[in-house]
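Each residue of the sequence shown is one higher than the one before, starting from 1093 at the first, in the numbering used here. In this text, a Cβ means the ideal position worked out from N, Cα and C, and glycines have one as well. If you're wondering where the values come from, they're calculated on a predicted model, not measured in any experiment. Here's the structure we're looking at; comments come further down.
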Amino acid sequence: MNEALRLAMNEAGHTAHSLAERVGVDRKTTTRWLVKDHIPHPAHRTAAAEALGVDTEDIWPDTSRRRNPVWFRPWQEFEREATLLRSYQPLVLPGLLQTEAYARAVLSIGGLRGRTDVDRLVATRLSRQAILTKDDPPQFAAVVDETALRRPVGGRATMREQAHVLLATCEAPHVRLHVVPSAVGAYAGLNGPFVIGTGADHRMAVYLDNQLEGEMVSAPNDVAAILAAWENVRGEALSHWQSVDLLREVAESWT
């Protein structure tokens, strides 16, 4: 039980139902928030904290460091302080842009994880998204393959919500989305996803993911190779506003 959230709701005179109405979610969602490992989307965390008259950290402290596996922590620290993040995903949408339902569908694939593990991983992924809504967020550029927008991850309702959240996120001046059209043939991105991070000191690192675990690399030759791959995938992608137009079309297809 998230005792801090329960106490804040009691002091503010809110029930799960009234808080849900205030934030714009359903009652089942706010009820799940009361479970300690269920952390809302950053926009919902902010709205809930404002409704309750408390700071977000008072009811959802940053516990992602404890939740994340050891091998992920170096990248987590780097990501948190980065001034520029460039993400490429050929199969799914970037974790920093995923809704709770979409993240849950992705992390539940194959039945390899128990419900508790999935809940923990979803909560960790959502908590990381706070870097895009903080006072001084990094510039975030994402290139995704069009197939990632059209694959029915979690079903039509999940994809409809995900598409609309993406459209809203794309309105932020520090977020840019670029889509590689499905008509494009072979290109460097087919070799796998990656994220390039740049720190305030201009130091660069790359995060590479696979089925078992991820790896952070910072050797100059490795970074240079991934930068070359980024230039390739970015060159094949549509402009930001062309991509937003395509995203609107995809959103309509999920209605």
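Subject >> Whole-angstrom distance between residue 1286 and residue 1169, CA atom to CA atom >> reply: 17 angstroms
Subject >> Residues near residue 1281 by beta carbon distance below 6 angstroms, same chain, minus five either side >> reply: If we look at residue 1281 and ignore the five residues flanking it on each side, its Cβ neighbours are 1180, 1182, 1325.
**OP:** Give the DSSP-derived three-state secondary structure of residue 1349 in the structure shown.
**Re:** This structure leaves residue 1349 out entirely; the chain is present only between 1093 and 1347.
Original post:
Hey, would you say residue 1200 sits closer than 9 angstroms to residue 1210, going by beta carbons?
Top reply: Against a cut-off of 9 angstroms, the Cβ pair of residue 1210 and residue 1200 comes out as a contact.
**OP:** Report yes or no: do three or more beta-carbon pairs, one from the segment 1249-1256 and one from the segment 1337-1344, lie closer than 8 angstroms?
**Re:** yes
**OP:** Report yes if the CB atom of residue 1125 is closer than 9 angstroms to the CB atom of residue 1140, and no otherwise.
**Re:** yes
Subject >> Sequence-distant residues of the same chain with beta carbon closer than 7 angstroms to residue 1097, five excluded per side >> reply: 1125, 1126, 1151
Original post:
Between residue 1310 and residue 1270, is the Cβ-Cβ spacing less than 9 angstroms?
Top reply: no
**OP:** Give the straight-line distance between the Cα atoms of residue 1303 and residue 1313, rounded to the nearest whole angstrom.
**Re:** Residue 1303 and residue 1313 have their C-alpha atoms some 24 angstroms from each other.
Original post:
Apart from the five residues just before and just after residue 1217, which ones in its own chain have a Cβ nearer than 8 angstroms to its Cβ?
Top reply: 1187, 1190, 1195, 1199
Original post:
Can you tell which of 1328, 1166, 1240 has the C-alpha that lies nearest to the C-alpha of residue 1279?
Top reply: 1328
Subject >> Bounding residues of the beta strand (DSSP E) (the contiguous stretch that carries residue 1245) >> reply: Run containing residue 1245: none; DSSP gives neither H nor E here.
Original post:
Can you tell me whether residue 1333 is buried or exposed, with buried defined as 16 or more other CB within 10 angstroms of its CB?
Top reply: An exposed status is given to residue 1333, since fewer than 16 other beta-carbon atoms sit within 10 Å of its beta-carbon.
Original post:
Are the Cβ atoms of residue 1197 and residue 1245 separated by less than 9 angstroms?
Top reply: yes
Original post:
Which one or two residues does DSSP pair with residue 1237 in a beta bridge?
Top reply: 1272
Original post:
Anyone know if the C-beta pair for residue 1122 and residue 1109 falls short of 9 angstroms?
Top reply: yes
Subject >> Helix, strand or coil at residue 1298 [DSSP, three-state] >> reply: Strand at residue 1298.
**OP:** Return the chain-ordered list of same chain residues with a C-beta closer than 7 angstroms to the C-beta of residue 1148, the five sequence neighbours on each side being excluded.
**Re:** 1137, 1138, 1141
Original post:
Taking Cβ positions, are residue 1284 and residue 1164 nearer each other than 9 angstroms?
Top reply: It is not a contact, given that the beta carbons lie outside the stated cut-off.
Subject >> Rounded Cβ spacing between residue 1231 and residue 1319 (contact assumed at less than 8 angstroms) >> reply: Not quite, the Cβ-Cβ distance comes to about 16 angstroms (not below 8 angstroms), so this is no contact.
Original post:
Are the Cβ atoms of residue 1295 and residue 1274 separated by less than 9 angstroms?
Top reply: At a Cβ-Cβ threshold of 9 angstroms, residue 1295 and residue 1274 do not count as neighbours.
**OP:** For residue 1292, collect the residues of the same chain with a Cβ closer than 6 angstroms to its Cβ; drop the 5 residues on either side in sequence, then sort them by chain order.
**Re:** 1175
Original post:
So, helix, strand or coil for residue 1101, using DSSP?
Top reply: DSSP places residue 1101 in the helix class (H, G or I) of the three-state scheme.
**OP:** Measure from the alpha carbon of residue 1171 to the alpha carbon of each residue in 1192, 1288, 1317, 1105, then state which is nearest.
**Re:** Measuring from the Cα of residue 1171, the nearest candidate turns out to be 1288.
Original post:
In three-state DSSP terms, what is residue 1219?
Top reply: helix
**OP:** Could you say which of 1111, 1229, 1178, 1322 lies nearest to residue 1145 if we only look at CA atoms?
**Re:** Residue 1145 has its Cα closest to that of 1111, out of 1111, 1229, 1178, 1322.
Original post:
For residue 1093, is the classification buried or exposed, using 16 other Cβ atoms within 10 angstroms of its Cβ as the cut-off for buried?
Top reply: exposed
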